[in-house]
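Trainee: Before anything else, here's the structure in question.
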Amino acid sequence: GAGVSQSPSNKVTEKGKDVELRCDPISGHTALYWYRQSLGQGLEFLIYFQGNSAPDKSGLPSDRFSAERTGGSVSTLTIQRTQQEDSAVYLCASSFDRLRTDTQYFGPGTRLTVL
Amino acid sequence: QQQVKQSPQSLIVQKGGISIINCAYENTAFDYFPWYQQFPGKGPALLIAIRPDVSEKKEGRFTISFNKSAKQFSLHIMDSQPGDSATYFCAATYNTDKLIFGTGTRLQVFP
């Protein structure tokens with residue numbers, strides 16, 4: 272009965288390295304979202320999954336960012352060749368269905384720091 | 631047109647007072663307006679939400695007021711408590727699935 276979980280909770284990496292962030296949605300939730308929260312930028316949408324497909328990738332800031340979802344459950348957000356401007360809290364949310372009025376339940380986030 | 635503007639950036643209220651946070655939008659296609667509450671180190675959590683076919687929605691001490699013609703909506707927290715100290719985000723969405731968030735308001739309620 273756990274909520275959305277994310278790992279790691281904190282990640283410090285050097286500029287140029289690749290990182291993978293993981294999200295475990297609430298069991299049975301078909302919709303999964305990634306957002307980024309940074310100082311002065313608020314919460315920005317990155318990508319949305321319905322099942323294993325991503326009908327909306329419009330928020331991914333560059334081709335260094337990619338995400339996948341397997342088995343309709345776990346999702347991984349990958350950032351290649353990290354830059355300092357990628358430093359932010361990456362939040363994952365899930366909802367039972369894709370209806371916009373379905374509550375999106377957020378995980379605690381992964382704080383990424385790029386040195 | 632996709633933006634949601636939120637004010638104030640920060641708010642200090644005494645215990646028992648009323649906290650008011652305002653949001654404005656441009657896109658008239660938006661048709662669902664949730665408010666999220668976020669405590670430090672936690673993800674945002676849905677607090678209350680409204681559709682534009684009603685002008686007000688109340689849940690306990692939390693009320694959303696909605697002005698469709700002005701394209702504005704606001705959150706009122708009555709009898710504010712120190713436990714309400716958090717960051718509040720308004721958001722909006724329409725026939726898509728992503729939430730467009732305001733920039734957040736940091737509320738501090740002092741005893």
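Read top to bottom, the protein sequences are chains R and S. Residues in the first sequence are numbered consecutively from 272, following my numbering. Residues in the second sequence are numbered consecutively from 631, following my numbering. Glycine included, C-beta positions come from ideal geometry on N, C-alpha and C.
1) Please list, in chain order, the chain R residues whose beta carbon lies closer than 8 Å to that of GLY713 of chain S.
2) Establish whether the CB of TYR361 of chain R and some CB of chain S are separated by less than 7 Å.
3) Would GLU291 of chain R and THR349 of chain R qualify as a contact pair, given that the criterion is a beta-carbon distance under 7 Å?
4) How would you list, in chain order, the residues of chain R whose beta-carbon sits under 7 Å from the beta-carbon of GLY647 of chain S?
5) Decide if the region 282-296 of chain R is in contact with the region 708-717 of chain S; the criterion is three or more beta carbon pairs, one per stretch, under 8 Å apart.
6) Assign ILE680 of chain S to buried or exposed, taking buried as 16 or more other Cβ atoms, counted over all protein chains shown, within 10 Å of its Cβ.
7) Excluding sequence positions up to five away, which residues of its chain have a Cβ less than 6 Å from the Cβ of ALA325 of chain R?
8) Could you say if the region 688-708 of chain S and the region 667-680 of chain S meet the contact criterion of at least three C-beta pairs nearer than 8 Å?
9) Quick check: is the beta carbon of LYS635 of chain S nearer than 7 Å to any beta carbon in chain R?
10) Quick one: complete alpha helix (DSSP H) runs, 4+ long, within the region 658-732 of chain S?
11) Who are the Cβ neighbours of ARG382 of chain R in its own chain at under 6 Å, not counting the five residues just before and after it?
12) By a C-beta neighbour count over all protein chains shown, 10 Å radius and 16 as the cutoff for buried, is ILE707 of chain S buried or exposed?
13) Is there a Cβ from chain S that is less than 7 Å from the Cβ of PRO379 of chain R?
14) Considering only residues of the region 299-335 of chain R, which uninterrupted beta strand (DSSP E) runs meet the minimum length of 3 residues and lie entirely inside it, listed in chain order?
15) Would the region 296-303 of chain R and the region 365-374 of chain R be scored as touching if the rule is three or more Cβ pairs under 8 Å?
16) For LYS688 of chain S, is the classification buried or exposed, using 16 other Cβ atoms within 10 angstroms of its Cβ as the cut-off for buried?
17) Could you tell me which of R:GLN351, R:GLY287, R:GLY322 and R:ILE297 sits nearest to GLY343 of chain R, measuring between CA atoms?
18) DSSP on ASP295 of chain R, reduced to helix/strand/coil?
19) In chain order, what residues of the same chain lie with their CB nearer than 8 Å to the CB of ALA721 of chain S, ignoring the 5 residues before and after it?
Mentor: Once the coordinates are examined:
1) Residue mapping note: residue 713 of chain S aligns to position 83 of the second sequence, counting from 1. Near GLY713 of chain S there are no residues of chain R at all, since even the closest Cβ is about 19 Å away, more than 8 Å.
2) Within the first sequence, the letter at position 90 stands for residue 361 of chain R. No, TYR361 of chain R lies away from the interface with chain S (no Cβ there is under 7 Å from its Cβ).
3) For the purposes of this step, residue 291 of chain R is identified with residue 20 of the first sequence, where counting begins at 1. For the purposes of this step, residue 349 of chain R is identified with residue 78 of the first sequence, where counting begins at 1. Yes; because the gap between Cβ atoms is below 7 Å, this pair is in contact.
4) Within the second sequence, residue 647 of chain S is the residue found at index 17, counting from 1. Per Cβ cutoff of 7 Å: no residues; GLY647 of chain S is ~26 Å from chain R at best.
5) These segments do not touch.
6) Walking along the second sequence from the start, residue 680 of chain S turns up at place 50. Its Cβ being crowded by 16 or more others within 10 Å, ILE680 of chain S is buried.
7) Start at 1 with the first residue of the first sequence, and residue 325 of chain R comes out as number 54. Spatial neighbours of ALA325 of chain R in its own chain (CB-CB distance under 6 Å, excluding positions within 5 residues in sequence) are listed in chain order as ILE318.
8) The answer is yes - the region 667-680 of chain S touches the region 688-708 of chain S, with three or more Cβ pairs under 8 Å.
9) Residue 635 of chain S sits at position 5 when you count from the first residue of the second sequence. False, the Cβ-Cβ gap to chain R never drops below 7 Å.
10) Runs found: none.
11) Here residue 382 of chain R is taken as the residue at index 111 of the first sequence, counted from 1. The answer, listed in chain order, is ASN281 and VAL360.
12) Residue numbering aside, residue 707 of chain S sits at position 77 when the second sequence is read from its first letter. ILE707 of chain S should be labelled buried.
13) Within the first sequence, the letter at position 108 stands for residue 379 of chain R. At a cut-off of 7 Å between C-beta atoms, PRO379 of chain R counts as an interface residue with respect to chain S.
14) 302-309, 313-321 and 324-327
15) yes
16) Sequence index remark: in the second sequence, residue 688 of chain S carries index 58 (1-based). Its Cβ having fewer than 16 others within 10 Å, LYS688 of chain S is exposed.
17) If you number the first sequence from 1, residue 343 of chain R lands on position 72. Of R:GLN351, R:GLY287, R:GLY322 and R:ILE297, the residue nearest in Cα terms is R:GLY322.
18) Residue numbering aside, residue 295 of chain R sits at position 24 when the first sequence is read from its first letter. Three-state result, ASP295 of chain R: strand.
19) Mapped onto the second sequence, residue 721 of chain S falls at position 91. VAL634, PHE663, PRO664, TRP665, TYR666, LEU729, ILE730, PHE731 and GLY732.
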